[in-house]
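Notes for the one structure printed next.
There are 2 protein chains.
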Amino acid sequence: MELTILGCNAAIPTTTRNPSAQVLVANGHHFLIDCGEGTQFQLRKLHVSFMRIEAVFISHMHGDHVFGLIGLLSTMSLFNRSSPLLLVGPPDLQSYIAPLIDKFCDNVTFEVRYHPLRFDKPEVIQQIKSINVKSIPIRHRVDTCGFLFRELPKEPNVKKSAIYKYGLSIADIVSIKNGHPLFDPSGEEIPRSELVKEAAPPKSYAYISDTAYLPDLHNELTDVSLLYHEATFMSDLNDLAAKTLHSTARQAALVAKAANAGKLIIGHFSSRYDNTDALEAEAQQVFLNSTAVYDGFKIVF
Amino acid sequence: MELTILGCNAAIPTTTRNPSAQVLVANGHHFLIDCGEGTQFQLRKLHVSFMRIEAVFISHMHGDHVFGLIGLLSTMSLFNRSSPLLLVGPPDLQSYIAPLIDKFCDNVTFEVRYHPLRFDKPEVIQQIKSINVKSIPIRHRVDTCGFLFRELPKEPNVKKSAIYKYGLSIADIVSIKNGHPLFDPSGEEIPRSELVKEAAPPKSYAYISDTAYLPDLHNELTDVSLLYHEATFMSDLNDLAAKTLHSTARQAALVAKAANAGKLIIGHFSSRYDNTDALEAEAQQVFLNSTAVYDGFKIVF
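Protein chains in written order, with the numbering used here: chain A, -14 to 286; chain B, -14 to 286.
Take a look at the structure:
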């Protein structure tokens, strides 16, 4: 998986940070997560082919997460995109964007499909085939979901040496891949390590923004490889975070620690922070493997 | 007057040019002209206080001229703007933006006033007090207006030396400012040059985008100090310009020449042009005082 941060600021953009947007490439599939104003410019500057984006996930209907969508769709149409685009978001995403498409995109060249989110419980989004994508309701001033992307478990590779040594048929290989044992002519089970190279464990990525601190959220994120959790404020503004239903860097780290995440990245910073070192340090006090992201930040995991 | 170009590209933005937007400061009044996506970021990067913007002029309802408006209004509201904002644009500007304000700006902090444009003939927009602003219908694929901003003629200054020498009363001064002659005790008229310093001639700025070449347009722009005219293409794409109702650099220069403009600036470049030197050269062949603008271009005139 590869993640690129296009924007990581809270509602009021700064001269160095754009509003929320990021691109996840998972098994070759390109997903855009949130789409603040200027997302199409950031995609071009960071050399991400936005024609390859298969689906856009909108966490909630606040402007800093959605104002870039009509510009992006409009440019896709000017570029004669033909493949369908899935828009995953709150039910009012469709009632917002469909009239804008009608008004501003002459003869739109591709089909837009909608998947309305639910907010009462997590849900696996069935339209995404090769990656398990789950929406996770979180708590903000409007209905909001986080998203968890998990690779499907991969089959082990049967070793060529074993195929030659034991004269394996295709049926044998399928059987081994499915986890069944193989016996040598004497009836003894051949050690599995001699037969297969296990595939890498499936990777996963969770996007959690915007939300108040949810002490039980980690239950949905157990062992996630990479967690993005919003950290709008530092702990000295704990009350403001609680009031505006945002999180502090420390709270983001508490979620990462409880979830046993591989790594935490924090973003959605208040525009009051020119420099985010102190936010990163606050998170690292709770969960050492924490990084404050920036526009253009890229990580392969 | 001072003009700052925030964006000067046509519909498909490039990595170096944003979609249309510019700021005119005239007699201390700040006017935003068109508002493509990312305008609020450009305003911040170029250190233009967007809280001082009194009016926004939208030439036509194409996305590259209007997608940045909701983000700008939204941020103005987050900054607790209190002074009213005038939006001048096609009648459907209001039906487009008002529902977005309702949806995305909680408790909007300022009043938005609308002035719907007419497209049958030029019109003086009365709401702008100290500057004469005229809308000029031009010809594009949707209803479109250019805008002409003219300073009102300024009164001459009565010289201090004359006030002392002739013991002028306030009534005398008002009379002289209004152009009336003054006579010395012998009944001889005092030369006007001894009494007043004439004010600088009123400056004017015209914004013409997007439009097909209009051979009679110069009649509306006579003696304009600075003319911005779109030049989406070069003359080798004359047919494409005609078909899409855009202009070439040469056509922009023909308008400037016929109007006896002080200076021409061209913009709204097709994204096919990485470098705009050739467009500038093409315009200069017809009208020498032509410049191809860029994002961040600033001119005081």
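Even glycine gets a Cβ: it sits at the ideal position worked out from N, Cα and C.
Remember, it's a predicted structure, so these values are computed and weren't measured experimentally.
Neighbour-count burial assignment, residue i, 16 or more Cβ in a 10 Å radius
| i | result |
| --- | --- |
| A6 of chain B | buried |
| A244 of chain B | buried |
| R135 of chain A | buried |
| S120 of chain B | buried |
| L133 of chain A | buried |
| G164 of chain B | exposed |
| Y258 of chain A | buried |
| F26 of chain B | buried |
| V278 of chain A | buried |
| A(-4) of chain B | buried |
| S275 of chain A | buried |
| N3 of chain A | buried |
| A156 of chain B | exposed |
| D49 of chain B | buried |
| P166 of chain A | exposed |
| V159 of chain A | exposed |
| D255 of chain B | According to the sequence shown, residue 255 of chain B is Ser rather than Asp. Buried is the call here. |
Opening and closing residue of the alpha helix (DSSP H) in which residue i lies
| i | result |
| --- | --- |
| P84 of chain A | P76 to F89 |
| I148 of chain A | K145 to Y151 |
| N3 of chain A | N3 of chain A -> no alpha helix (DSSP H), and no H or E assigned at all. |
| K30 of chain B | T24 to K30 |
| I43 of chain B | Per DSSP, I43 of chain B belongs to no alpha helix (DSSP H) and is neither H nor E. |
| K242 of chain B | A234 to A244 |
| E265 of chain A | D262 to V271 |
Extent of the continuous beta strand (DSSP E) to which residue i belongs
| i | result |
| --- | --- |
| A184 of chain B | A184 of chain B -> no beta strand (DSSP E), and no H or E assigned at all. |
| I229 of chain A | For the sequence presented, residue 229 of chain A should be read as Thr rather than Ile. Premise fails: T229 of chain A lies in the alpha helix (DSSP H), N223 to T229, not in any beta strand (DSSP E). |
| I18 of chain A | H14 to C20 |
| K283 of chain B | K283 to V285 |
| A277 of chain A | S275 to A277 |
| I161 of chain B | Segment I155 to K162 is the alpha helix (DSSP H) holding I161 of chain B; no beta strand (DSSP E) there. |
| Y213 of chain B | L211 to E215 |
| V97 of chain A | V97 to P101 |
| G(-8) of chain A | E(-13) to G(-8) |
Secondary structure of residue i, DSSP reduced to three states
| i | result |
| --- | --- |
| G252 of chain B | strand |
| R126 of chain B | coil |
| T60 of chain B | helix |
| I55 of chain B | helix |
| L133 of chain B | strand |
| E205 of chain A | helix |
| S220 of chain B | helix |
| F168 of chain A | strand |
Beta-carbon proximity check, residue i vs residue j, cutoff 8 angstroms
| i | j | result |
| --- | --- | --- |
| R103 of chain B | L230 of chain B | no |
| T233 of chain B | A216 of chain B | yes |
| V41 of chain B | V93 of chain B | no |
| V8 of chain A | H14 of chain A | no |
| V271 of chain B | L225 of chain B | no |
| L(-9) of chain B | L31 of chain B | yes |
| S191 of chain A | L206 of chain A | Position check: residue 191 of chain A holds Ala in this sequence, whereas Ser was assumed. In contact: A191 of chain A and L206 of chain A (Cβ atoms closer than 8 angstroms). |
| K182 of chain A | K145 of chain A | no |
| M46 of chain B | D77 of chain B | yes |
| V33 of chain A | T(-11) of chain A | yes |
| I116 of chain A | H100 of chain A | no |
| I161 of chain B | L137 of chain B | no |
| I123 of chain B | L202 of chain B | yes |
| L199 of chain A | I250 of chain A | no |
| V209 of chain A | S194 of chain A | no |
| K283 of chain B | E96 of chain B | no |
| T196 of chain B | T129 of chain B | yes |
Distance cut-off 7 angstroms: residue i Cβ against heavy atoms of the ligand ATP
| i | result |
| --- | --- |
| I38 of chain B | In terms of ligand content, the structure shown is empty, and the ligand ATP therefore cannot be addressed. |
Mind listing which residues of the stretch 22 to 41 of chain A have their C-beta closer than 8 angstroms to chain B's C-betas, in chain order?
-> E22, G23, Q25, F26, R29 and K30
Would you list, in chain order, the members of the stretch -13 to 0 of chain B that have their beta-carbon closer than 9 angstroms to a beta-carbon of chain A?
-> A(-4), I(-3), P(-2), T(-1) and T0
Residues in the stretch 56 to 78 of chain A with C-beta within 7 angstroms of chain B's C-beta atoms, listed in sequence order?
-> Cβ proximity to chain B below 7 angstroms picks out G56, S59, T60 and L63 from the stretch 56 to 78 of chain A.
Could you name the residues of the stretch 144 to 155 of chain A whose beta carbon sits closer than 8 angstroms to any beta carbon of chain B, in the order they occur along the chain?
-> none
Residues of the stretch 77 to 105 of chain A whose Cβ lies closer than 9 angstroms to any Cβ of chain B, in chain order | D77, Y81, P84, L85, K88, F89, C90 and D91
Which residues, taken in chain order from the stretch 160 to 191 of chain B, show a beta carbon closer than 7 angstroms to some beta carbon of chain A?
-> Of all residues in the stretch 160 to 191 of chain B, none has a Cβ within less than 7 angstroms of some Cβ in chain A.
Listed in chain order, which residues of the stretch 187 to 220 of chain A have Cβ atoms closer than 8 angstroms to some Cβ of chain B?
-> none
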